[in-house]
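Start counting the sequence shown at 1; every next residue gets the next number (full-length UniProt numbering). For every residue, glycine included, the Cβ atom is placed at its ideal position computed from N, Cα and C.
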Amino acid sequence: MKFYILFKICIFFLFPLIVNGAENKIILESPKALEESSIDEVDDLIEIDGLIIDRTLTRLGKDFYFSFSIKMNSKHNDLDVNLTVKERPTALSGSIIGVYHFDKVIYRGALSPGQRQAEEKAEQAIEAVDRYIVRWQTEKLFKDTYDLDFPEI
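The following block contains the structure:
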């Protein structure tokens, strides 16, 4: 008897939802084939450039990242590459800091405690990044990309 009452209640609440869904005939798929659509693939693959991503863990790394990002943004107003600053803390009260572009190491250095050393290492990293960006943009211009796009190489 309880099952019958529960069944009636479910039918009472679900039946209007089923009927309204059938009457409205909601279209879940586009009738036009995907191959026939005129979606511009370049607009579909928009990337954000100029990011400096913070992957640091300790106060030393945060000081380095802060100094590096401030100086990098003031030097390059329209940076067209994304960089990642990663830190690996070491057991002897220091860290190994790395600046990466597409998982390629641009700069790596050991960082000991101290605000001044973080700023000095940030200056060294900026010089290394400047050299790398010039070299990377030059290689990108002369790279054969007939059958592959830049991220696929």
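Span of the beta strand (DSSP E), counted from its first residue to its last, around LYS104: Translated into positions along the sequence shown, residue 104 becomes position 104. Residues 104-111.
Based on the DSSP secondary-structure assignment, which residues constitute the bridge partners of GLU87? Locating residue 87 in the sequence shown gives position 87, where the first residue counts as 1. Answer is ILE97.
Same chain only: Cβ atoms within 8 Å of ARG131, ignoring 5 sequence neighbours per side: Translated into the one-based positions of the sequence shown, residue 131 becomes position 131. Nothing meets the Cβ criterion.
So, is ASP63 buried or exposed, given that buried needs 16 or more other C-beta atoms within 10 angstroms? As a working mapping, residue 63 is identified with position 63 in the sequence shown. Flag for ASP63 reads buried.
Which one of VAL99, THR138, GLU139, LYS140 has the shortest CA to CA distance from GLN124? Translated into positions along the sequence shown, residue 124 becomes position 124. Nearest C-alpha to GLN124: VAL99.
If LEU60 and SER95 are in contact, beta carbons under 8 Å, what's the gap, nearest whole angstrom? As a first step, residue 60 is located in the sequence shown; it is residue number 60 there, counting from the start. As a first step, residue 95 is located in the sequence shown; it is residue number 95 there, counting from the start. LEU60 to SER95, Cβ: 5 Å. Contact.
Identity of the residues DSSP links to ASP54 by a beta bridge: Working through the sequence shown from its first residue, we reach residue 54 at position 54. Answer is VAL85.
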